[in-house]
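Numbering-wise (this note's numbering), the sequence shown opens with residue 4 and increments by one. We treat Cβ as the ideally placed atom computed from N, Cα and C, and that holds for glycine. Owing to the predicted nature of the structure, the values given are computational and were not obtained by experimental measurement. Working notes for the structure below.
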Amino acid sequence: MLAILGGSGLTSFAELKLERREVIRTPYGEPSGPLSFGHLHDAPIVFLPRHGYGHTIPPHNINYRANLWALSHIGAKGVIAVAAVGAIRADLHPGAVVLPDQILDYTWGRNSSYFDSTETPVTHIDFTLPFDEALRTRLRAAAKAAGKTLVDGACYACTQGPRLETAAEINRLERDGADLVGMTLMPEASLARELELPYAALAVISNHAAGRGDSRTRISMSDVGRTLETAIADVRALIISLAAQNGGAS
Ligand code: HPA
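Take a look at the structure:
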């Protein structure tokens with residue numbers, strides 16, 4: 004079973020043939036909401052919107068540990084994380100969907116590990132390649148089959164939010180090597196790795212990052228919402244194509 008972690012613009016998945024919703028209790032508290040179980044084509048899918056079904060949980064308050072633990076607990080074999088992002092790299096523009104391959108983490112104060120007990124040995128996970136290559140390959144194939152453009156390869160910078168960045172911060176992120184900026188893939192990606200849960204992301208560009216392109220002097224949140232609405236249609240098509248690939252087996 005594949006899990007879809009929805010982001011801004013993807014708080015529901017109407018195409019999912021919904022069978023049941025289930026509240027999962029976790030040792031880490033409440034996930035962002037009940038898990039939605041259903042099928043896309045013949046593929047079993049579980050859906051969870053990380054900001055909650057009403058889009059009320061801001062990035063820094065998401066219980067990432069509970070969300071990932073719940074998905075692992077119910078037997079998800081992989082996670083597709085959908086996340087809105089701002090574009091830093093000059094050839095990336097609002098409306099595009101990107102398959103990131105690297106992460107820079109600027110978040111702080113989030114519960115970012117399951118290995119934080121003093122009663123267990125210190126554990127370090129390998130995180131050289133933060134996204135699962137097999138899932139990334141399947142997403143590329145799904146995009147091709149759906150006739151959708153998926154930009155392959157980008158470095159995602161995760162900021163703390165919920166405010167957007169200053170233009171100077173975006174310049175710094177670019178100097179650091181970031182192509183995209185968002186607020187939610189960390190610690191989500193590393194928690195998935197700690198649980199040995201294959202994890203890949205679809206980053207949906209909702210705006211030029213602060214100080215870039217048409218965001219030179221400000222970012223209009225109403226424009227962001229409109230762009231996201233259109234681009235998310237491509238993400239839905241891509242996920243449906245992924246599900247059609249091989250009955251969702253992973
Ligand atoms: N910055 C951070 N997160 C975001 C942005 C941005 O410009 N757009 C969508 N999520």
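Distance, Cα to Cα, R263 vs E25? Residue 263 lies beyond the residue range present for the chain, which begins at 4 and ends at 253; the question has no answer from this structure.
Secondary structure at K151, three-state DSSP: helix, strand or coil? coil
Mind listing, in chain order, the continuous alpha helix (DSSP H) runs of no fewer than 4 residues lying wholly within the region 136-183? 136-149 and 170-179
Given that a residue counts as buried once 16 or more other Cβ atoms are within 10 Å of its Cβ, and exposed if not, what is W72? buried
Taking I208 and G98 to be in contact with their CB atoms under 8 Å, please state how far apart those CB atoms are, rounded to whole angstroms. 6 Å
Pull up the distance between the alpha-carbon of I30 and that of A69, whole angstroms please. Checking the sequence shown, residue 30 turns out to be Pro, not Ile. Going from the Cα of P30 to the Cα of A69 covers about 7 Å.
Could you have a look at G285 and say whether DSSP puts it in helix, strand or coil? Examination of residue 285 is not possible in this model, given that the chain is present from 4 through 253 alone.
Look at the alpha carbon of P133 and the alpha carbon of G156, and state the distance between them as a whole number of angstroms. 12 Å
Beta-carbon proximity of L21 to S35, cut-off 8 Å: no
Using only the alpha-carbon positions, how far apart do G118 and I27 sit? A small correction: the amino acid at residue 118 is Phe; Gly does not occupy that position in the sequence shown. Looking at the two C-alpha atoms, the distance is approximately 21 Å.
Can you list, in chain order, the residues of its chain whose CB lies under 8 Å from that of P61, leaving out five sequence neighbours each side? H54, G164 and P165
Should V1 be counted as a contact of the ligand HPA given a C-beta to heavy atom distance under 7 Å? Absent from the model: residue 1. The displayed extent of the chain is 4 to 253, so no value can be given.
With distances taken Cα to Cα, identify the nearest neighbour of Y159 among G216, I7, A181 and G112. A181
Our contact map puts V88 next to V184 with C-beta atoms below 8 Å; I'd like the distance itself, whole angstroms only. 6 Å
With a threshold of 8 Å, are at least 3 pairs of Cβ atoms found where one atom belongs to the region 195-204 and the other to the region 72-86? yes
Among all the DSSP beta bridges, which residues are the ones paired with D108? C161
According to DSSP, is T233 helix, strand or coil? helix
Which first and last residues belong to the alpha helix (DSSP H) in which E191 is found? L188 to E197
Going by beta carbon distance, what residues of the same chain come within less than 7 Å of T169, once the five residues before and after it are set aside? A213
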